[in-house]
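Heads up, the thing below is written out as structure tokens.
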Amino acid sequence: MISAEGLSRTYTSRAGKVDAVHEVNLTVDAGQVVGFLGPNGAGKTTTVRMLTTLLDPTAGRATVAGFDVVRQRAEVRRRIGYVSQASSFVPQRIGDELRTQARLHGLSARQAAARTAELAERFDLTGVLDRSALRVSGGQRRRFDLALGLVHRPEVLFLDEPTAGLDPHSRAELWQLLRELRATQGTSVFLTTHYLDEADALCDRVVVINAGRIVADDTSDALKEQLGGDVVVLETDQLGAASAVVAAELPGCAVDTAPGRVRFQIDHAQRRLPGLLRELDRAGVALTSVSVKRPTLDDVFLRLTGHVTGSPLRTEVAA
Ligand SMILES: Nc1ncnc2c1ncn2[C@@H]1O[C@H](COP(=O)(O)OP(=O)(O)OP(=O)(O)O)[C@@H](O)[C@H]1O
Numbered sequence: 194m195i196s197a198e199g200l201s202r203t204y205t206s207r208a209g210k211v212d213a214v215h216e217v218n219l220t221v222d223a224g225q226v227v228g229f230l231g232p233n234g235a236g237k238t239t240t241v242r243m244l245t246t247l248l249d250p251t252a253g254r255a256t257v258a259g260f261d262v263v264r265q266r267a268e269v270r271r272r273i274g275y276v277s278q279a280s281s282f283v284p285q286r287i288g289d290e291l292r293t294q295a296r297l298h299g300l301s302a303r304q305a306a307a308r309t310a311e312l313a314e315r316f317d318l319t320g321v322l323d324r325s326a327l328r329v330s331g332g333q334r335r336r337f338d339l340a341l342g343l344v345h346r347p348e349v350l351f352l353d354e355p356t357a358g359l360d361p362h363s364r365a366e367l368w369q370l371l372r373e374l375r376a377t378q379g380t381s382v383f384l385t386t387h388y389l390d391e392a393d394a395l396c397d398r399v400v401v402i403n404a405g406r407i408v409a410d411d412t413s414d415a416l417k418e419q420l421g422g423d424v425v426v427l428e429t430d431q432l433g434a435a436s437a438v439v440a441a442e443l444p445g446c447a448v449d450t451a452p453g454r455v456r457f458q459i460d461h462a463q464r465r466l467p468g469l470l471r472e473l474d475r476a477g478v479a480l481t482s483v484s485v486k487r488p489t490l491d492d493v494f495l496r497l498t499g500h501v502t503g504s505p506l507r508t509e510v511a512a
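Per this note's numbering, the very first residue in the sequence shown carries number 194; after that it's consecutive.
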């Protein structure tokens, strides 16, 4: 559905040249939901603008829904939906805007009214169809943006930070809608986000870009696996005996002890812990607690990019 080879964009300004996107290779299959992550200035928007025909690449090529983004711009546009970060200024009433968009995409007046009713129902907008998009809540506004992007039943939907600025409740609602969309429509989705948990929860694959280059492209689970397994902490007063059992059962595993606890890292802890716990019990080691921490996508992101993402969620939580 999306294919990019060597896709590049260099900006030239008075300050000099910026390699905003450098030789990006990318594929997104039909029905896949791919999260596109990167720190500020990494090249996400530039990539999305090229894939949505809004900006010409300076090198390389890309096809979306089978059409070239430069030579077959109109064909691409007909088949994609793009919900941008800054939703457009829409003074019209929500219902009118949905109908107008449907007519612009070639639907008859009757079909446009039917499509509007269908989208309003699906995105829970029925009660606000007579209101201007400037007079609804943030969550309703994002749902309206999404409905607008889907009016013409696009094959590929581009979402630029779809839940930025939403409160946790509206965010959860939007996640649910995106999951339903994926389950029922088979639409391919390319979603940029700063929220690592969003990529984890919604996406089949995560592509990480840093300084214009793709630095990871895999499932979030596979990326987490690369971090070297789960961190296990055993709380016990019998440090010597506990570390000896761990060392014997998990040869080569680095064991770190501190007063009251033994800590180590292993792959697939859930599968390997029961056997280890049996051996500890057999050796007479009393444990007061056992905890397992899976690496998070934040850990992966930090390792790949060296940045802590400017996650709006964290700011919200902290505020
Ligand atoms: N029109 C432009 N002229 C010159 N440089 C630009 C232009 N647009 C973007 N850049 C530069 O290109 C790089 C990539 O920017 P881009 O907006 O694609 O990043 P981003 O990953 O979307 O960032 P953010 O998460 O902050 O939105 C940055 O260094 C940016 O300053």
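C-beta: ideal position from N, C-alpha, C; glycine also.
With contact defined as three or more Cβ pairs closer than 8 angstroms, the stretch 197 to 210 and the stretch 248 to 266 are in contact.
Placement of the Cβ of threonine 319 at a distance of 8 angstroms or more from every heavy atom of ligand 1 is found. Here valine 269 really is in contact with threonine 246; their C-beta atoms are around 5 angstroms apart, less than 8 angstroms. Excluding residues up to 5 positions away in sequence, Glu442 lie with their Cβ nearer than 8 angstroms to the Cβ of glycine 468 in the same chain.
Remark: C-beta atoms of valine 226 and isoleucine 407 do not approach each other more closely than 9 angstroms. Going by DSSP, arginine 254 is part of the beta strand (DSSP E) stretching over 252 to 257. In this structure lysine 417 is in contact with arginine 487, their Cβ atoms being roughly 7 angstroms apart against a cut-off of 8 angstroms.
Counting only residues whose CB is nearer than 6 angstroms to a non-hydrogen atom of ligand 1, the list in chain order is Tyr204, Ser206, Val211, Ala213, Gly231, Asn233, Gly234, Ala235, Gly236, Lys237, Thr238, Thr239. By a beta-carbon distance limit of 8 angstroms, glycine 224 contacts glycine 379. Their separation comes to about 4 angstroms.
DSSP places glutamine 265 in the coil class of the three-state scheme, outside both helix and strand. The C-alpha of alanine 404 is placed about 8 angstroms away from the C-alpha of aspartate 212. Residue pairing from DSSP leaves isoleucine 287 without any beta-bridge partner. Residue pairing by DSSP places asparagine 218 in no beta bridge whatsoever. Nearest to leucine 389 by C-alpha distance, out of Arg372, Asp414, Glu366, Val485, is Asp414. By alpha-carbon distance to valine 262, the top candidate from Ile273, Leu244, Gly274 is Leu244. Residue pairing by DSSP places leucine 384 opposite Gly228, Leu352 in a beta bridge. With contact defined as three or more Cβ pairs closer than 8 angstroms, the stretch 357 to 372 and the stretch 305 to 313 are not in contact. Excluding five sequence positions before and after aspartate 317, the CB atoms of its chain that fall closer than 7 angstroms to its own CB belong to Arg336, given in chain order. When beta bridges are read from the DSSP output, valine 439 appears opposite no residue. For isoleucine 273, the closest of Ile459, Asp492, Phe351, Val426 by C-alpha to C-alpha distance is Phe351.
Annotation for leucine 359: Gly331, Gly332, Arg335, Leu367 place their beta carbon closer than 8 angstroms to its own, counting only its chain and skipping 5 residues before and after. Looking at the backbone, the Cα of aspartate 289 and that of leucine 248 are separated by about 29 angstroms. For valine 493, the three-state secondary structure derived from DSSP is helix.
By the Cβ test, the stretch 390 to 400 is not in contact with the stretch 444 to 456, since fewer than three Cβ pairs between them sit closer than 8 angstroms. In the displayed model, phenylalanine 260 falls within a strand according to three-state DSSP. Rounded to the nearest angstrom, the Cβ distance from leucine 384 to proline 355 is 6 angstroms, consistent with a contact under 8 angstroms. Between alanine 476 and valine 438 the beta-carbon gap is near 5 angstroms, inside 8 angstroms, which marks them as a contact.
DSSP places glycine 332 in the uninterrupted alpha helix (DSSP H) bounded by 331 to 343. Contiguous beta strand (DSSP E) elements confined to the stretch 444 to 499 occur at 448 to 451, 454 to 459, 482 to 486, taking only those with 3 or more residues.
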